[in-house]
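Counting from 4, one number per residue, gives the positions in the sequence shown under the working numbering.
Worksheet: one structure, shown below.
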Amino acid sequence: MQPDRPLLGILLMLGFCALAPLGDAVAKILGGVVPLGMLLLARFGIQAAILLPIVAVGRRPWRMRGRVLALAWARTLLHIAGIAMMFSALRHLPLADAIAIAYVMPFILLLLGWAVMGEEVGWRRLAACVAGFAGTLLVIRPSFQEVGWPALLPVGVAVGFALFMLVTRAIARQTDPLGLQAVSGVIATALLLPALALVDGRGVPALRLVAPPSEALSLLLLLGVLGTLAHLCMTWALRFAPSATLAPMQYIEIPFATLFGWAIFRDLPDGMAAAGILVTMAAGLYVLMRERAIARAALAAPPPRRQGSAGAG
């Protein structure tokens, strides 16, 4: 068990914030030519192909058992579901809007950290959660009017990834990050490949098992590499810092998504969506400032006096 190192955790989370939306942009490009099931298979299959040799050559620990193995399976299922919903949302929504809506996730994570893991959450942070939800609704409204129910898919992403991060935090210190990601890639591939072969698009065109076009192969490889690196950064970050501290940092992903959306697709959020993004980011940054203030206060507080020590009576 290692002590928390919040600064290192924050820097690693910044790496995730830059890599993850770039991977989503690649998925959005591929969404029109490659079925969803094949995108998922490429994403996790490439992760396994990259990390298994590294784990084997480096003799990294990867074996899991009991509670840790069960949580690794749960984490992988949540990961598959979250990525599937995000890739589906990106077929209908601009990149920045989809990611901004999904960023109700840190507020869900904050509340789950309080309810499930006993992390302290004061009224100020609860008020910031309310503001963040309100900002998210401002982003959802124009998207919902334009595309309908797919605008709600990023909300499902938010719930799934909030649970994913809690599970990751629960096992991050008991597993090696490379080993955990390698095992997750193998589990996901072992689940997806037979499922796609069995369904093969019967009534579900998104689950067709087809050979991707040759011009898409390099982008599929890039999708797998970016996704692998991004979630390695997240896993390492959660190894060194509490989830409640890292959650607000992820709002930096929204400016990256806006930049990539404009540079690649020439998409920019409209007025209402932009206002909602700003409200959501402001609420998240406030939560971050509260976390830092609470951490400083805890460090400055004198240690509690031991009962019965000299001078106590």
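Even glycine gets a Cβ: it sits at the ideal position worked out from N, Cα and C.
All figures in this text were calculated on a predicted structure; none of them were measured in a lab.
| Item | Value |
| --- | --- |
| Burial state of Trp239 (16 or more Cβ within 10 Å) | buried |
| Which of helix, strand or coil DSSP assigns to Ala315 | Residue placement at Ala315 is poorly supported in this model, since its pLDDT is 41, which falls under 50; the coordinates still yield a value, given next. Looking at Ala315 - three-state DSSP - the assignment turns out to be coil, as it is neither helix nor strand. |
| Beta-carbon proximity list for Leu43, same chain, < 7 angstroms, skipping 5 on both sides | Ile83, Ile86, Ala87 and Leu195 |
| Classification of Gly311 by the beta-carbon crowding that lies within 10 angstroms, buried from 16 upward | Since pLDDT at Gly311 reaches only 49, below the 50 mark, its modelled position is unreliable, and no value is offered. |
| Where the alpha helix (DSSP H) containing Gly188 begins and where it ends | Pro180 to Val202 |
| Cβ distance (whole Å) where Met89 is taken to contact Pro215 below 8 angstroms | With 8 angstroms as the limit, Met89 and Pro215 do not qualify as a contact, their Cβ atoms being about 19 angstroms apart. |
| For Arg8, three-class secondary structure by DSSP | coil |
| Assigned exposure category for Glu256 - 16 Cβ within 10 Å defines buried | buried |
| Distance, Gly69 Cα to Thr261 Cα | 42 angstroms |
| Beta-carbon contacts of Gly184 that lie in its chain and below 7 angstroms, excluding the five residues immediately before and after | The amino acid at residue 184 is misidentified as Gly; the sequence shows Gln. Once the five neighbours on either side are set aside, the close Cβ partners of Gln184 are Gln50, Leu54, Thr231, His234, Leu235 and Thr238. |
| Unbroken alpha helix (DSSP H) run spanning Val142, endpoints | Trp126 to Val150 |
| Opening and closing residue of the alpha helix (DSSP H) in which Ile83 lies | Gly69 to Leu93 |
| Rounded distance between the beta-carbons of Ala165 and Ile111, thought under 8 angstroms | 4 angstroms |
| Near the ligand MN: Trp152 beta-carbon under 8 angstroms from a heavy atom | In the structure shown, the ligand MN is absent, as is every other ligand, since no ligand is present at all. |
| Inter-stretch contact at 8 angstroms, needing at least 3 Cβ pairs: the segment 129–136 / the segment 65–80 | no |
| Segment contact, 8 angstroms Cβ cut-off, at least three pairs: the segment 136–146 with the segment 265–285 | yes |
| 9 angstroms Cβ cutoff met for Ala1 and Gly188 | Here the chain has residues from 4 to 316 only, and residue 1 is not among them. |
| Opening and closing residue of the alpha helix (DSSP H) in which Val228 lies | Leu220 to Phe243 |
| 7 angstroms Cβ shell around Ala137 - same chain, five flanking residues per side excluded | Val282 |
| Sequence-distant residues of its chain with Cβ nearer than 7 angstroms to Ala173 (five each side left out) | Leu74 |
| Distance, Ala45 Cα to Ala198 Cα | 14 angstroms |
| Cβ shell of Leu14 (< 6 angstroms), same chain only, five flanking positions each side left out | none |
| Limits of the alpha helix (DSSP H) - the one that Val327 falls within | Only positions 4 to 316 of the chain appear in this structure, which leaves residue 327 out of reach. |
| Option in Tyr254, Asp270 and Ala300 with minimal Cα separation from Cys20 | Tyr254 |
| Opening and closing residue of the alpha helix (DSSP H) in which Gly40 lies | Leu39 to Val60 |
| 4 or more residues per run - each alpha helix (DSSP H) lying fully within the segment 250–283 | 256–263 |
| Alpha-carbon spacing of Gly227 relative to Phe47, whole angstroms | 7 angstroms |
| Ala219 and Leu33 closer than 9 angstroms at C-beta | yes |
| Assumed close pair Met284, Leu17 - CB separation to whole angstroms, cut-off 8 angstroms | So it is not a contact: roughly 15 angstroms between Cβ atoms. |
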